[in-house]
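*Asks:*
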Amino acid sequence: MTTHVTRFAPSPTGRLHLGNARTALFSWLLARGSGGRFVLRVEDTDRERCDEAHVQAQLEDLRWLGIDWDEGPDVGGPHGPYRQTERGEQYRVDYNRLLASGLAYPCFCSDDELAAERRAQRLAGRPPRYSGRCARLALDEVERRLAAGEAAALRFRVPTGVEITFDDAVRGAQRFLSDDIGDFVIRRRDGGPAFFFGNAVDDADMAISLVVRGEDHLANTPRQLLLQQALERPEPGYAHISLIVGEDGSPLSKRHGSFSLHDLREAGFLPLAVANYLARLGHACERHDLLDLPTLAQHFQLDRLSRSPARHDEAQLLHWQRLAVAAADWPALWAWMGPAVHRLVPDSDAEAFVAAVRENLLLPQDGLAWAQTVYSDPLPIDSATRDALTVEAGDFFLHALRALAVHGTDFAALAKQTGQEAEVRGKALYRPLRLALTGREHGPDMGALLPLITVERARRRLEAWASAR
Ligand code: GLU
Numbered sequence: 248m249t250t251h252v253t254r255f256a257p258s259p260t261g262r263l264h265l266g267n268a269r270t271a272l273f274s275w276l277l278a279r280g281s282g283g284r285f286v287l288r289v290e291d292t293d294r295e296r297c298d299e300a301h302v303q304a305q306l307e308d309l310r311w312l313g314i315d316w317d318e319g320p321d322v323g324g325p326h327g328p329y330r331q332t333e334r335g336e337q338y339r340v341d342y343n344r345l346l347a348s349g350l351a352y353p354c355f356c357s358d359d360e361l362a363a364e365r366r367a368q369r370l371a372g373r374p375p376r377y378s379g380r381c382a383r384l385a386l387d388e389v390e391r392r393l394a395a396g397e398a399a400a401l402r403f404r405v406p407t408g409v410e411i412t413f414d415d416a417v418r419g420a421q422r423f424l425s426d427d428i429g430d431f432v433i434r435r436r437d438g439g440p441a442f443f444f445g446n447a448v449d450d451a452d453m454a455i456s457l458v459v460r461g462e463d464h465l466a467n468t469p470r471q472l473l474l475q476q477a478l479e480r481p482e483p484g485y486a487h488i489s490l491i492v493g494e495d496g497s498p499l500s501k502r503h504g505s506f507s508l509h510d511l512r513e514a515g516f517l518p519l520a521v522a523n524y525l526a527r528l529g530h531a532c533e534r535h536d537l538l539d540l541p542t543l544a545q546h547f548q549l550d551r552l553s554r555s556p557a558r559h560d561e562a563q564l565l566h567w568q569r570l571a572v573a574a575a576d577w578p579a580l581w582a583w584m585g586p587a588v589h590r591l592v593p594d595s596d597a598e599a600f601v602a603a604v605r606e607n608l609l610l611p612q613d614g615l616a617w618a619q620t621v622y623s624d625p626l627p628i629d630s631a632t633r634d635a636l637t638v639e640a641g642d643f644f645l646h647a648l649r650a651l652a653v654h655g656t657d658f659a660a661l662a663k664q665t666g667q668e669a670e671v672r673g674k675a676l677y678r679p680l681r682l683a684l685t686g687r688e689h690g691p692d693m694g695a696l697l698p699l700i701t702v703e704r705a706r707r708r709l710e711a712w713a714s715a716r
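Letter by letter, the sequence shown follows residues 248 to 716 in the numbering used here.
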């Protein structure tokens, strides 16, 4: 089996969305499943949009999902630094190499000139591409302008007539022509590395063997391969994964709702649910049960990744959430339900409360609703419940009250005696008892709920119904 060294290279411009999280998870699963290494690199060269708060928030989101890294900005490692803004020294060496071999040249074109050039090309029906104006400047002119302090970007001189091919692990054989690629900027006029450059050089320097990223980066790859070849660096393999689309087939965006990892966490999704969901999004996993992350890694296969768009499916996410809730132990669920529930439920009831309601939970707010049901006194009765019970005879609840006085919170015994005295059974017995005691048609096993409701509250609830007849 191939050992994969993978990386995740987010730009800290905001929270991680579901697509980023999936890329990170796939990369991590491939590294962990093959006994490889997983590197975290922060691509923070866009100083206006990136900031430290976003870096920290992204790391926190990844940790929450269960992803760890062998090398990264916080843990260090042999290929650091792991923030691109700190890698100026490394980049300088490569710029100089490319300059010395004539494979890079300073470009003095202003933004306005470049925009005018692109406009003219568009009008002429040609694809916008750098004309190569500065590629042909005489050496003494270049030196004179640099000496005069004129700002210059650095461009890579793309070879002519070259075919660039690679075998994408997801999308198969790829072929590009260098003549379709204009000379591109590798160092911006402000001195910062351009994306193509920093990304390609870092992958080589960090000994990444497989780059897993969204297919929106596919068209960048030939430029990056050209750079790696020019610098005589090893080329990583590439796996361009399909993008996540919304249920309407368009790329997942804010329009489809909030899909940052943080939003899902705030909504109460469990990390294991999100990880299991993502690991099946565009990946035909041979296992269909809830798996912990190490086991997911064992069953994650590069050749089972799909080329078609991965459709976000809320129902699937909820399916995994249901399984993750079922698998969680009670202290975890108790913590997950949060302070609103902790205020209502006495600590001494915590374990029994979780046990009683866990099958009826999907999100923490469900826990809150059940806590209100159990602990509210009096229990508010909505008109729908009142209407639902109008067919019941008032005596029914008098029988139930007598049974409660005898049997306490033993629901089976209470129901049995009530049924005998009121001469009802089945639904005609259990439905009014549940409605009166919980205000709801359906819910957890009454045998588990009634001890939490307690005899006192149960009596007041039944009395309210007895007198409402
Ligand atoms: N910083 C880039 C992004 O967030 C990384 C692209 C890549 O993974 O190569 O899109």
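The beta carbon of each residue, even a glycine, is placed where N, CA and C say it ideally should be.
Determine, using beta-carbon pairs with one atom in the stretch 640-653 and one in the stretch 606-614, whether at least three such pairs fall under 8 Å.
*Replies:* The stretch 640-653 vs the stretch 606-614: no contact.
*Asks:* Just tell me which of Arg-369, Arg-376, Ile-433 and Tyr-622 has its CA closest to the CA of Gly-686.
*Replies:* Numbered from its first residue, the sequence shown carries residue 686 at position 439. Gly-686 has its Cα closest to that of Tyr-622, out of Arg-369, Arg-376, Ile-433 and Tyr-622.
*Asks:* Buried or exposed for Leu-386, going by 16 or more other Cβ atoms inside 10 Å?
*Replies:* Stepping through the sequence shown from its first residue, residue 386 is reached at position 139. Answer is exposed; the Cβ neighbour count stays below 16.
*Asks:* Who are the near neighbours of Glu-606 in its chain, counting only those whose CB is closer than 7 Å to its CB and skipping five residues on each side?
*Replies:* For the purposes of this step, residue 606 is identified with residue 359 of the sequence shown, where counting begins at 1. Same-chain partners within the cutoff: Pro-691.
*Asks:* Could you check which residue in Ala-557, Leu-474, Arg-512 and Arg-527 has the C-alpha nearest to that of Gly-496?
*Replies:* Taking the sequence shown and counting its residues from 1, one reaches residue 496 at position 249. Comparing Cα positions, the closest option is Ala-557.
*Asks:* Go through its chain and collect everything with a Cβ distance to Leu-244's Cβ below 6 Å, but skip five positions before and after it.
*Replies:* This structure cannot speak to residue 244, because the chain is shown only from 248 to 716.
*Asks:* Looking only at its own chain, which residues have a Cβ that is under 7 Å from the Cβ of Glu-397, when we skip the five neighbours before and after it?
*Replies:* Sequence index remark: in the sequence shown, residue 397 carries index 150 (1-based). So the qualifying residues of the chain are Phe-355.
*Asks:* Contact defined as beta carbons within less than 8 Å: I believe Arg-707 pairs with Asp-596. What is the distance between those atoms, to the nearest angstrom?
*Replies:* Start at 1 with the first residue of the sequence shown, and residue 707 comes out as number 460. Start at 1 with the first residue of the sequence shown, and residue 596 comes out as number 349. With a Cβ gap of about 18 Å, Arg-707 and Asp-596 do not count as contacting.
*Asks:* How do the stretch 428-437 and the stretch 314-323 stand: do at least 3 beta-carbon pairs fall below 8 Å, yes or no?
*Replies:* Contact fails: fewer than three Cβ-Cβ distances are below 8 Å.
*Asks:* Near Leu-580, what residues of its chain come up, given a Cβ to Cβ distance below 8 Å and the 5 sequence neighbours on each side ignored?
*Replies:* One-based indexing of the sequence shown puts residue 580 at position 333. So the qualifying residues of the chain are Val-572, Val-601, Arg-605, Leu-608 and Gly-614.
*Asks:* For Arg-418, which residues from the same chain have a beta carbon less than 8 Å from its beta carbon, with the 5 sequence-adjacent residues on both sides left out?
*Replies:* Reading the sequence shown from its first residue, position 171 is the one you call residue 418. Closer than 8 Å at the Cβ level, and outside the excluded window around Arg-418, lie Glu-462, Leu-465, His-487 and Arg-554.
*Asks:* For the ligand GLU, I want to know if Gln-566 counts as a neighbour, meaning its beta carbon is within less than 8 Å of at least one of the ligand's heavy atoms.
*Replies:* Residue numbering aside, residue 566 sits at position 319 when the sequence shown is read from its first letter. The sequence as given places His at residue 566; Gln does not occur at that position. Outside the cutoff, so no.
*Asks:* Indicate the three-state DSSP secondary structure (helix, strand or coil) for Ser-630 in the structure shown.
*Replies:* What you label residue 630 is simply residue 383 of the sequence shown in a count that begins at 1. The answer is helix: DSSP assigns Ser-630 an H, G or I state.
*Asks:* In the DSSP assignment, the alpha helix (DSSP H) including Ala-441 goes from what residue to what residue?
*Replies:* Start at 1 with the first residue of the sequence shown, and residue 441 comes out as number 194. Segment: none, Ala-441 is in no alpha helix (DSSP H) and carries neither H nor E.
*Asks:* Do Val-521 and Arg-480 have their CB atoms nearer than 9 Å?
*Replies:* In the sequence shown, counting from the first residue as 1, residue 521 sits at position 274. In the sequence shown, counting from the first residue as 1, residue 480 sits at position 233. Cβ distance not < 9 Å, so Val-521 and Arg-480 don't count as in contact.
*Asks:* Does the beta carbon of Gly-461 fall short of 8 Å from some heavy atom of the ligand GLU?
*Replies:* The residue you call residue 461 lines up with position 214 of the sequence shown. Yes - the ligand GLU has a heavy atom lying nearer than 8 Å to the Cβ of Gly-461.
*Asks:* Please state the DSSP three-state secondary structure of Cys-354.
*Replies:* Residue mapping note: residue 354 aligns to position 107 of the sequence shown, counting from 1. Residue state, collapsed to three classes: strand.
*Asks:* Quick one: residues in its chain with C-beta nearer than 7 Å to the C-beta of Arg-534, no 5 flanking neighbours on either side, listed in chain order?
*Replies:* In the sequence shown, residue 534 corresponds to position 287, counting from 1. Closer than 7 Å at the Cβ level, and outside the excluded window around Arg-534, lie His-546.
*Asks:* The alpha helix (DSSP H) spanning Leu-525 covers which residue range?
*Replies:* On the sequence shown, position 278 is the one that residue 525 refers to. That run of the alpha helix (DSSP H) goes 518-525.
*Asks:* What's the call for Val-322, buried or exposed, on a 16-neighbour Cβ count within 10 Å?
*Replies:* By one-based count along the sequence shown, residue 322 stands at place 75. Label assigned to Val-322: exposed.
*Asks:* Just list the beta strand (DSSP E) runs in the stretch 276-326, keeping only unbroken ones of 3 residues or longer that don't cross its boundaries, in chain order.
*Replies:* Whole beta strand (DSSP E) segments, 3+ residues: 284-287.
*Asks:* Per DSSP, what kind of secondary structure is Leu-457 in: helix, strand or coil?
*Replies:* For the purposes of this step, residue 457 is taken as the residue at position 210 of the sequence shown. Reduced to three states, the DSSP call for Leu-457 is strand.
*Asks:* Counting C-beta neighbours from all protein chains within 10 Å, is the total for Arg-383 16 or more, i.e. buried, or is it exposed?
*Replies:* Taking the first residue of the sequence shown as 1, we reach residue 383 at position 136. Exposed is the call here.
*Asks:* Is any non-hydrogen atom of the ligand GLU found closer than 8 Å to the C-beta of Ser-489, if you look at the structure I gave you?
*Replies:* Indexing the sequence shown from 1 puts residue 489 at position 242. No; taking the cut-off as 8 Å, the Cβ of Ser-489 has no heavy atom of the ligand GLU nearer than that.
*Asks:* For the stretch 496-515 against the stretch 278-287, do three or more pairs of beta-carbon atoms, one drawn from each stretch, fall closer than 8 Å, so that the two count as touching?
*Replies:* Because the criterion of three Cβ pairs below 8 Å is not met, the stretch 496-515 and the stretch 278-287 do not touch.
*Asks:* How many angstroms separate the CA atom of Gln-471 from the CA atom of His-589?
*Replies:* Here residue 471 corresponds to residue number 224 of the sequence shown, with the count starting at 1. Here residue 589 corresponds to residue number 342 of the sequence shown, with the count starting at 1. Rounded to the nearest angstrom, the two C-alpha atoms are 54 Å apart.
*Asks:* Run the proximity test for Ala-466: is its beta-carbon closer than 8 Å to any non-hydrogen atom belonging to the ligand GLU?
*Replies:* By one-based count along the sequence shown, residue 466 stands at place 219. Incorrect: Ala-466 has no Cβ contact closer than 8 Å to the ligand GLU.
*Asks:* Which value, in whole angstroms, describes the spacing of the CA atoms of Ala-416 and Leu-287?
*Replies:* Translated into positions along the sequence shown, residue 416 becomes position 169. Translated into positions along the sequence shown, residue 287 becomes position 40. Taking the straight line joining both Cα atoms gives about 21 Å.
*Asks:* Quick check: does the Cβ of Ser-258 come within less than 8 Å of any heavy atom belonging to the ligand GLU?
*Replies:* Working through the sequence shown from its first residue, we reach residue 258 at position 11. Answer for Ser-258: yes, Cβ within range of the ligand GLU.
*Asks:* Should Tyr-524 and Leu-499 be called a contact, given that it needs their Cβ atoms to be closer than 9 Å?
*Replies:* Taking the first residue of the sequence shown as 1, we reach residue 524 at position 277. Taking the first residue of the sequence shown as 1, we reach residue 499 at position 252. Going by C-beta atoms, Tyr-524 is not nearer than 9 Å to Leu-499.
*Asks:* Are there 16 or more other CB atoms within 10 angstroms of the CB of His-264, so buried, or fewer, so exposed?
*Replies:* In the sequence shown, the residue the question calls residue 264 occupies position 17. When all chains shown are included, His-264 counts as buried.
*Asks:* Using alpha carbons as the reference points, say which of Arg-376, Pro-353 and Gly-515 lies closest to Ala-363.
*Replies:* The count along the sequence shown starts at 1 and reaches residue 363 at position 116. Cα-wise, what sits closest to Ala-363 is Arg-376.
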